[in-house]
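The letter at position 85 of the sequence shown is residue 135 when you use the numbering used here, and the numbering goes up by one with no holes.
The C-beta atom is built at its ideal place from N, Cα and C for all residues, glycine as well.
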Amino acid sequence: MLALAPSLASAQDTFGGQPQQPPQQQQQPQQTYPQQPGQYPQQPDQGWGQQPAPQQGPGQWGQQPAPQQQGANLDQLMQMERQDFGVQPTKTLHDGAMHGPTPASIPGGQLITTKGLVSLVQGKQAPFYLFDVLGGPETLPNALPTAWAAQPGAFNDQVQQQFSQVLAQGTQGRKDIPLVFYCLSTQ
51 MLALAPSLAS AQDTFGGQPQ QPPQQQQQPQ QTYPQQPGQY PQQPDQGWGQ
101 QPAPQQGPGQ WGQQPAPQQQ GANLDQLMQM ERQDFGVQPT KTLHDGAMHG
151 PTPASIPGGQ LITTKGLVSL VQGKQAPFYL FDVLGGPETL PNALPTAWAA
201 QPGAFNDQVQ QQFSQVLAQG TQGRKDIPLV FYCLSTQ
């Protein structure tokens, strides 16, 4: 499941009839807390929500499934992503393990499925920021690494203050820009 922040939301990989590109490799620091986030990474000059041109060569990503098959796969994935695990939404920071069942709703935000994200990305009608809260060597194109922000604490602690600054810089204070946070799965 993908979470949309109190603004709106969107973004993932490349989808639909366009060729996929391999996941980008990204170096992650070994520390669990950032030294100090610098400037908010800027989106490429391709426009909001656009993905880099596909790069496919020999041995990279096999043949694409037919569009009908992709739609069926997204429908199956959506059913899995919409599972309700009985986890109640909360307005406080989560202080337990970061991997586990997730709520089916978020106060002040909305959850979208991969299928909804595909539609949003392909529509290219709205700007958005994509945040990778899992971290690791693979990430979606244009995703900002933010695993460092997944720290238990209080809304007024240093991590939250730094993340607020990152959001304010990136969105230039606009509350209408969708923020999409993604992780590994609904659990």
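Counting along the chain, Q160 sits inside the beta strand (DSSP E) bounded by residues Q160 to I162. Apart from sequence neighbours up to five positions away, the residues of its chain that approach Y179 with a beta-carbon distance below 6 Å are G220 and L229, ordered along the chain. As computed with DSSP, T142 is found in no beta bridge at all.
Assignment of alpha helix (DSSP H) within the segment 161-203, counting only whole runs of 4 or more residues, yields 164-173 in chain order.
Secondary structure of A147 (DSSP, three-state): coil. Between the segment 190-205 and the segment 140-152 there are three or more inter-stretch CB-CB distances shorter than 8 Å, so the stretches are counted as touching.
Counting other Cβ atoms within 10 Å of its Cβ, F135 stays below 16 and is therefore classed as exposed.
Just measuring C-alpha positions, the residue of T189, M148, T163 and G223 sitting nearest Q201 is M148. Here DSSP, grouped into helix, strand and coil, assigns F213 to helix. Rounded to the nearest whole angstrom, the C-alpha separation of Q138 and A218 is 28 Å. The three-state secondary structure of D125, taken from DSSP, is helix.
Each of Q126, Q133, L234 and L127 was checked against the Cα of L190, and the nearest Cα belongs to L234. DSSP places A154 outside both helix and strand once states are collapsed to three, so it counts as coil. Within the model, the alpha-carbon separation for P157 versus K225 is close to 16 Å. Pairing L184 with K174, the inter-Cα distance amounts to about 25 Å. At the C-beta level, T164 and L124 come within 8 Å of one another.
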